[in-house]
Amino acid sequence: MPQFAANLTMMYTEHDFLDRFAAAARDGFRAVEYLLPYDYPAADIAARLATHGLTQALFNLPPGDWAAGERGIAALPGREEEFAASVERALEYAHATGCRRLHAMAGLVPQGANLTALRATFVANLRHAARRCAEHGITLLIEPINQRDMPGYFLSHQQQAHDIVAEVGEPNLKVQMDWYHCQIMEGDIAMRLRRHLAGVGHVQIAGVPERHEPDSGELNYPYLFALLDELGYDGYIGCEYRPRNGTSAGLAWFQPYKEAQR
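Going by UniProt numbering, the first residue of the sequence shown is number 1, and it counts up by one from there.
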């Protein structure tokens with residue numbers, strides 16, 4: 001039965017961030033994820049997780065200057081030292097929260113950049129980061145993101161991501177497969193899942209195309225959830241969607257799976 005993680009960056013935004021942990025637990029979630037924890041002391045987040053019996057499923061490495069529009073630095077030549085420091089910062093939070101999955105964002109392609117150089121930088125940085133994460137029993141993830149929501153992002157297709165994982169050659173580097181992004185860029189999700197599942201370390205969901213609850217739109221989520229069970233996926237499914245009218249009010253889709261959360 002799928003195990004779901006509430007994404008506290010997009011869900012429960014009617015509450016202050018640190019109060020979202022309690023709200024997710026009240027609604028039956030046993031795990032959470034979010035984009036970035038770094039505005040809050042790691043000890044405060046760890047305390048909320050412990051108080052509400054929640055597992056920290058995932059968060060991102062520091063992605064550069066997010067407020068200025070940066071969306072990761074892992075593939076950007078000249079930022080290697082900053083990327084290495086971001087790995088250490090993320091590991092501090094992973095230790096405090098018990099998180100065992102970290103996502104490294106590639107970044108936006110600079111105008112006129114050499115794509116071969118970006119790929120080489122990405123591979124070298126990921127190899128370093130994966131080895132550091134492996135020392136602590138942590139899986140490193142990369143995620144293809146669609147070009148409609150994030151124009152210019154370096155990594156956009158499933159095969160591209162799995163080819164990079166193979167080139168890096170570290171067993172704890174996996175692909176974060178977000179079905180929302182995959183449907184927009186490529187579709188054929190069930191067959192891609194069958195082809196690539198061994199290299200998938202985390203799954204995320206949202207309705208397509210509006211990015212609301214996974215109860216309407218182009219994708220048949222009950223079918224895909226059942227397929228995950230059939231294929232033996234035992235990781236988390238991150239609910240990275242924007243609720244239509246309040247998070248708790250939109251959780252009818254979650255009720256068939258709620259009692260099976262652990």
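Ideal placement from N, C-alpha and C gives every residue a C-beta, glycine not left out.
Predicted, not measured: the structure shown is a model, and the values here were computed from it.
Expected contact under 8 Å - CB spacing of residue i and residue j to nearest Å
| i | j | result |
| --- | --- | --- |
| ALA94 | PRO62 | Wrong, their Cβ atoms sit about 12 Å apart, outside the cutoff. |
| ALA24 | TYR12 | 6 Å |
| GLY235 | GLY201 | 6 Å |
| ARG100 | ILE138 | 5 Å |
| LEU102 | LEU54 | At roughly 17 Å, the Cβ-Cβ gap does not stay under 8 Å, so LEU102 and LEU54 are not in contact. |
| ALA5 | GLY238 | 5 Å |
| MET150 | ARG71 | 6 Å |
Residue i classed as buried or exposed, judged by whether at least 16 other C-beta atoms fall within 10 angstroms
| i | result |
| --- | --- |
| HIS136 | exposed |
| ASN7 | buried |
| ASN125 | buried |
| TYR40 | exposed |
| PRO2 | buried |
| THR97 | buried |
| GLN158 | buried |
| GLU33 | buried |
| ASP114 | In the sequence under discussion, the amino acid at residue 114 is Asn, which differs from the Asp named in the question. That one is exposed. |
| GLU88 | exposed |
| ARG26 | exposed |
| GLN111 | exposed |
| THR9 | buried |
| ARG30 | buried |
| GLN183 | buried |
According to DSSP, residues forming a beta bridge with residue i
| i | result |
| --- | --- |
| ARG101 | THR139 |
| CYS239 | ALA6, ILE205 |
| GLN56 | VAL32 |
| residue 269 | In the structure as shown, the chain begins at 1 and stops at 262. Residue 269 is therefore absent and cannot be evaluated. |
| ALA90 | Per DSSP, none; premise fails for ALA90. |
| GLY72 | ALA106 |
| TYR153 | LEU108 |
Alpha-carbon to alpha-carbon, residue j and residue i
| i | j | result |
| --- | --- | --- |
| ALA108 | TYR153 | A quick correction: the sequence has Leu, not Ala, at residue 108. Cα-Cα distance, rounded: 4 Å. |
| GLY246 | ASP215 | 15 Å |
| ALA46 | PHE59 | 13 Å |
| GLY232 | VAL175 | 16 Å |
| GLN261 | VAL123 | 36 Å |
| LEU18 | ALA42 | 11 Å |
| TYR223 | ALA22 | 30 Å |
| ILE145 | ARG20 | 25 Å |
| TRP179 | GLN204 | 6 Å |
| LEU197 | LEU36 | 26 Å |
| VAL168 | GLU80 | 16 Å |
| PRO243 | GLU213 | 6 Å |
| VAL208 | ILE189 | 12 Å |
| VAL165 | ARG192 | 16 Å |
| SER248 | MET177 | 25 Å |
| THR121 | GLN160 | 15 Å |
| ALA84 | LYS258 | 39 Å |
| LEU173 | ASP163 | 12 Å |
| ASP16 | GLU143 | 27 Å |
| ALA129 | GLY199 | 17 Å |
| LEU228 | ALA67 | 36 Å |
| GLY187 | HIS181 | 9 Å |
Bounding residues of the alpha helix (DSSP H) (the contiguous stretch that carries residue i)
| i | result |
| --- | --- |
| GLN159 | 158-168 |
| MET191 | 189-196 |
| PRO222 | 221-231 |
| GLY256 | Looking at the sequence provided, one finds Pro at residue 256 rather than Gly. Per DSSP, PRO256 belongs to the alpha helix (DSSP H) from 255-258. |
| ARG132 | 115-134 |
| ALA249 | Unbroken run through ALA249: none, as it is neither H nor E. |
| ILE45 | 42-51 |
Opening and closing residue of the beta strand (DSSP E) in which residue i lies
| i | result |
| --- | --- |
| VAL175 | 173-178 |
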